[in-house]
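Below you'll find the structure, written out as structure tokens, and then a few comments.
Protein chains: 2
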Amino acid sequence: MISTLPPGAPSLPADAASLRAMIRAGRYQGHTSGLAKGFVQANVVILTRDWAYDFLQFCALNSKACPVLDVSDPGDPRLRNLGSAIDVRSDVPRYRVYRDGQLAAETEDINALWRDDFVAFALGCSFTFEQALQDAQIPLRHIALGRNVAMYRTSIDNRPAGRLSGKLVVSMRPMTPGNAVRAVEITSHYPAAHGAPIHLGDPALIGIEAIDAPDYGDAVEIDAGEIPVFWACGVTPQAVVAEARPEICITHAPGCMLVTDIHHSQLG
Amino acid sequence: MISTLPPGAPSLPADAASLRAMIRAGRYQGHTSGLAKGFVQANVVILTRDWAYDFLQFCALNSKACPVLDVSDPGDPRLRNLGSAIDVRSDVPRYRVYRDGQLAAETEDINALWRDDFVAFALGCSFTFEQALQDAQIPLRHIALGRNVAMYRTSIDNRPAGRLSGKLVVSMRPMTPGNAVRAVEITSHYPAAHGAPIHLGDPALIGIEAIDAPDYGDAVEIDAGEIPVFWACGVTPQAVVAEARPEICITHAPGCMLVTDIHHSQLG
């Protein structure tokens, strides 16, 4: 996810509800990293009711990669537990539409696609713990460099659920060992945002052969005296769903998250 | 849940797999508190596939009361993530069968009742954190007295999911303020076993009017200098399901839990 606003970006409201209103009105379609600071942002996955069962089971069995923040009732576009007036058909800056597992379209509004059997999922996102790490003065290189975080497909099997199975995807942040220890402590307090790391040190132990060639996002250097620290990543459910090829699946576009009315401190 | 073995109880194996084999063979139908020490025990709820969707959504939205440890595939009696050879039709010491929300039978084996559309859920249980509290030398009065923990229906609404809604049920343990602080620290590390308390102090603030008259379990004294500490309780999903009156629902009998092959230290 891109973590800096493009040059010349408009001045944007600092509170979540105003920012969402602007997004709903079609006046902002960009990345949300760093916006509405303090408010939880969420990954969005929309599936038909039939696939939603498998997905609910998958999330329950793989909660580090898929921490569920909210689930809509079938056909209901509201996410009632994340704000009083969230409409998941219009409140995400940009959506990706997958048909049979293939990216078919990118759009700013999915009102025309909405169906009575759609179920919307909001999943916790690493922006929450990255904010907490930065607040603790732990530097994050990809953010300093304005890059997307480096993500890797591992050899770790997710627990299968119905038609959904596949490998865990992780994000990697290089840190000094001292900061790695503090990062474990801090992120363990955010189970709703991937929680504690799933690994640190030797990438080969989790099946990553080329740390300088991430499967998603951008590479960053690991300096002498640093170790890579790996967290379960929200790309996992998207990759698993794409592999299963449902007729239709809609997600947020990378970095263009749903901004909720929940404050980071309310997660837990 | 009763926390002492009845006098004259047989000597029971200390490892989970041997204890389960004995239970499966019909040679033990009692309470499991304190048995197979170190191994996670689980609440069991079995529903039809149709109700399982609502229940999965309810658990996702109310994870403190309903921490999901495993979900079977429809019709599959195995709980593959909790042990290699768990058969949920025979491995619980005693089951309760509810029809239309009413207790209809208690039995030691549900092979005859099993259906192709049954889904079994295993949910985390307070035995896990009670063990951690005792290991930290925090006394638990109900255990010292050989009583069931005191449980109360609160005024706190669960997040509704489909046909399932209702109030949160909590368990209460009296502690010194110092031990309450340590109990918060310790139990916050067990999100898969109800996690940190949801309240401490004045029971009226969460709608409990008579602390000496619990809605479930047994009352215990709160001594001078102690405060009551409240945790989300696994009775919540059972109460919510009973209110919704599904055609059939099968659970473990109180205190007669599923003993898994997972060690407490693997939860988290």
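So the sequences go chain by chain: A and B.
The numbering used here runs 15 ahead of the 1-based position in the first sequence.
The numbering used here runs 15 ahead of the 1-based position in the second sequence.
Built from N, CA and C at the ideal position, the CB exists for glycine as well.
Since we're looking at a predicted model, the values are computed, not measured.
Nearest CA to the CA of residue i: which residue from the options?
i: B/Cys271; options: B/Tyr68, B/Phe54, B/Val59, B/Pro218; result: B/Val59
i: A/Phe136; options: A/Gln281, A/Ala254, A/His267, A/Ser280; result: A/His267
i: A/Ala219; options: A/Phe142, A/Met37, A/Tyr167, A/Trp66; result: A/Tyr167
i: A/Arg111; options: A/Ser141, A/Ser180, A/Ala119; result: A/Ala119
i: A/Thr275; options: A/Ser48, A/Ser87, A/Phe54, A/His204; result: A/Phe54
i: B/Lys182; options: B/Gly90, B/Pro261, B/Gln281, B/Asp230; result: B/Asp230
i: B/Met190; options: B/Pro108, B/Val244, B/Arg42, B/Glu123; result: B/Val244
i: A/Ala147; options: A/Ser203, A/Asp132, A/Val184; result: A/Ser203
i: B/Pro92; options: B/Ala32, B/Asn126, B/Thr122; result: B/Asn126
i: B/Trp246; options: B/Gly193, B/Trp129, B/Pro82; result: B/Pro82
i: A/Ile213; options: A/Cys248, A/Ile153, A/Ser48; result: A/Cys248
i: A/Val250; options: A/Gln117, A/Ile221, A/Pro154, A/Gly232; result: A/Gly232
i: A/Leu97; options: A/Lys52, A/Gln56, A/Gln117; result: A/Gln56
i: A/Leu84; options: A/Ala208, A/Gly116, A/Pro261, A/Pro252; result: A/Ala208
Work out the CA separation of residue j and residue i for me, nearest whole Å.
i: B/Ser18; j: B/Arg156; result: Note on B/Ser18: pLDDT 41, under 50, position unreliable in the model; the coordinate value appears next. Distance between the alpha carbons of B/Ser18 and B/Arg156 is about 11 Å.
i: A/Leu71; j: B/Tyr68; result: 8 Å
i: B/Gly161; j: A/Pro28; result: 58 Å
i: B/Glu145; j: B/Arg188; result: 10 Å
i: A/Arg114; j: A/Val256; result: 11 Å
i: B/Leu62; j: A/Ile226; result: 45 Å
i: A/Ala198; j: B/Ile171; result: 34 Å
i: B/Pro206; j: B/Val164; result: 20 Å
i: A/Glu200; j: A/Ser99; result: 33 Å
i: B/Val196; j: B/Ala159; result: 21 Å
i: B/Ile38; j: A/Ile101; result: 49 Å
i: A/Asp217; j: A/Glu224; result: 10 Å
i: A/Asp238; j: A/Ala151; result: 20 Å
i: B/Leu76; j: A/Leu34; result: 25 Å
i: B/Met16; j: B/Val86; result: Reliability of the predicted coordinates at B/Met16 is poor, the pLDDT of 39 falling under 50, and no value is obtained from them.
i: A/Leu179; j: B/Ser26; result: 43 Å
i: B/His46; j: B/Phe142; result: 12 Å
i: A/Thr169; j: A/His279; result: 29 Å
i: A/Ala176; j: B/Leu94; result: 12 Å
i: A/Ile277; j: A/Cys264; result: 25 Å
i: A/Gln44; j: A/Asp124; result: 10 Å
i: B/Phe133; j: B/Arg104; result: 11 Å
i: B/Ala79; j: B/Thr122; result: Sequence check: residue 79 of chain B is Lys here, not Ala. Taking the straight line joining both Cα atoms gives about 29 Å.
i: B/Thr41; j: B/Val235; result: The residue you asked about is not Thr; residue 41 of chain B is Gly in the sequence shown. Rounded to the nearest angstrom, the two C-alpha atoms are 34 Å apart.
i: B/Cys74; j: A/Leu50; result: 30 Å
i: B/Glu258; j: A/Gln149; result: 46 Å
i: A/Pro108; j: B/Ser186; result: 43 Å
i: B/Pro314; j: B/Ala36; result: Residue 314 of chain B falls outside the range modelled here, since chain B spans only 16 to 283, and no answer is possible.
i: B/Asp131; j: B/Asp106; result: 18 Å
i: B/Leu215; j: B/Val184; result: 14 Å
i: A/Gly210; j: B/Gln281; result: 15 Å
i: A/Ala254; j: A/Arg174; result: 14 Å
i: B/Gly90; j: B/Trp129; result: 8 Å
i: A/Glu241; j: B/Ala32; result: 43 Å
Starting from residue i, trace the alpha helix (DSSP H) in both directions and tell me its first and last residue.
i: A/Glu258; result: 250 to 259
i: A/Arg10; result: Because chain A in this structure spans residues 16 to 283, residue 10 of chain A falls outside the shown range and cannot be described.
i: A/Cys2; result: Chain A is shown only over 16 to 283; residue 2 of chain A falls outside these bounds and no answer can be derived.
i: B/Thr275; result: Note, B/Thr275: premise wrong, no alpha helix (DSSP H); beta strand (DSSP E) at 273 to 278.
i: A/His33; result: Checking the displayed sequence, the identity of residue 33 of chain A turns out to be Ser instead of His. Where A/Ser33 is concerned, the enclosing alpha helix (DSSP H) stretches over 31 to 39.
i: A/Arg346; result: No information on residue 346 of chain A is available, as it lies outside the stretch 16 to 283 that chain A covers here.
i: B/Gln44; result: Where B/Gln44 is concerned, there is no enclosing alpha helix (DSSP H), given that its DSSP letter is neither H nor E.
i: A/Leu84; result: From DSSP, A/Leu84 is part of no alpha helix (DSSP H) but of the beta strand (DSSP E) over 83 to 86.
i: A/Asp150; result: 142 to 150
Name, please, each residue of chain B whose Cβ falls closer than 7 Å to the Cβ of residue i.
i: A/Gly249; result: Ordered by position in chain B, no residue passes the 7 Å Cβ test against A/Gly249, which lies about 15 Å from the chain.
i: A/Asp88; result: Gly177
i: A/Arg174; result: Asn96
i: A/Val83; result: Ala75
Mind listing the chain B neighbours of residue i? Cutoff is C-beta to C-beta under 8 Å, in chain order.
i: A/Leu71; result: Tyr68, Leu71, Gln72, Ala75
Quick check on the DSSP output: the beta strand (DSSP E) that includes residue i runs from which residue to which?
i: A/Pro189; result: 182 to 190
i: A/Leu118; result: 117 to 122
i: B/Arg168; result: 165 to 172
i: B/Val103; result: It is not in any beta strand (DSSP E) - B/Val103 carries neither H nor E in the DSSP assignment.
i: B/Val107; result: Unbroken run through B/Val107: none, as it is neither H nor E.
i: B/Leu138; result: 133 to 139
i: A/Pro243; result: 242 to 247
i: A/Ile263; result: 263 to 267
Worksheet item: Any residues in the segment 203 to 236 of chain A with a beta carbon nearer than 7 Å to a beta carbon of chain B? Which ones, in chain order?
Response: Pro206
Practice prompt. With 7 Å as the limit, tell me which residues of the segment 93 to 115 of chain A have their beta carbon closer than that to any beta carbon of chain D; keep them in chain order.
Written response: No chain D is present in this structure, whose protein chains are A and B.
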